[in-house]
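Here is the structure we will look at, set down as structure tokens.
In the working numbering, the protein residues as written are 21 to 338.
Set out below in structure tokens:
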């Protein structure tokens with residue numbers, strides 16, 4: 021198996037799992053943590069095995085520079101969090117990396133392949149998929165049909181090929197089986213025939229994440245996966261994100277929930293005013309003066325690792 025290629029049958033390697041549960045290896049997560057232990061905590065630092073590398077990426081809107089990133093890397097098989105206050109440029113940077121926006125300058129490579137001028141659908145076919153802060157489900161299609169939209173092989177898409185069932189029926193059956201297996205995993209199988217518009221906000225997040233896995237991506241990028249999610253579903257989303265890593269999938273996510281970041285991220289990158297101001301392991305980053313200043317301004321003597329601090333900050337914003 022070539023490095024970076026995920027495979028989703030680790031559960032089958034175990035002889036027996038508790039009923040209703042899946043057994044997965046922790047080898048990927050353990051290796052990433054061990055490798056990153058020896059990486060310096062500083063902006064733009066090089067990683068042992070990066071799957072995505074960006075250099076000198078800028079995006080300007082008129083006279084305002086929204087993104088000015090000198091160097092950025094994502095470690096393969098790890099969970100990297102991209103955090104920062106509102107307006108820091110996180111989503112804009114996300115859009116640039118996935119082809120949804122074009123930079124003024126810069127170059128980036130995914131698994132060694134140049135991504136300059138590559139369209140979003142081509143980026144997805146290369147193995148890098150994303151979700152959105154505001155979910156992009158097709159409300160008037162069923163949950164199952166939404167899943168099938170994420171399948172990379174659709175032989176019956178063309179008009180003339182669609183008229184010859186023998187050309188696409190076998191692949192369609194395989195796509196449906198895969199979609200149903202993912203819906204089972206994400207606890208949405210009972211909703212498969214419901215319209216996606218009837219799902220709750222949290223269920224839509226689960227659907228988007230499940231749909232992203234239809235193409236067996238190497239890198240999944242999640243834009244604020246916890247935004248607007250009912251607390252009852254948050255733990256389920258966390259479990260799914262961590263399971264992705266243990267299956268060999270690399271994860272980059274944008275998030276405001278500092279508690280979540282501390283608990284699941286292997287590496288944290290902090291943006292403020294369009295620039296990367298800090299990088300490192302979660303505990304180190306939460307005590308970085310630049311990070312504290314970016315989040316709390318003058319309260320520079322406060323530890324972001326203290327849950328009560330972030331609760332206080334959120335109450336002040338509301």
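Note that the Cβ used here is the ideal one computed from N, Cα and C, for glycine as well.
In the three-state scheme derived from DSSP, where H, G and I count as helix and E and B as strand, residue 59 is classed as coil. Secondary structure note for residue 70: its beta strand (DSSP E) is the uninterrupted segment 70–81.
By the neighbour-count definition (other C-beta atoms within 10 Å, threshold 16), residue 194 is an exposed residue. Apart from the 5 residues on each side of it in sequence, residue 159 sits with its Cβ closer than 7 angstroms to the Cβ of 215, 216, 217 in its chain, given in chain order. Distance from the CA atom of residue 225 to the CA atom of residue 157, rounded to whole angstroms, is 9 angstroms.
By the Cβ rule, the stretch 245–257 does not count as touching the stretch 138–150, because fewer than three pairs are nearer than 8 angstroms.
With contacts defined by Cβ atoms closer than 8 angstroms, residue 314 and residue 292 form a contacting pair. Ranked by Cα distance from residue 113, the options 130, 88, 95 are led by 88. Contact annotation: residue 51 and residue 97 have beta-carbon atoms nearer than 8 angstroms.
Contact annotation: residue 258 and residue 280 have beta-carbon atoms nearer than 8 angstroms. Annotation: the continuous beta strand (DSSP E) that includes residue 85 extends over 84–95. The C-beta distance from residue 269 to residue 100 rounds to 12 angstroms, too long to meet the 8 angstroms contact threshold. Of 303, 301, 274, the smallest CA-CA separation from residue 104 is found for 274. When secondary structure is reduced to three states using DSSP, residue 146 falls in the helix class.
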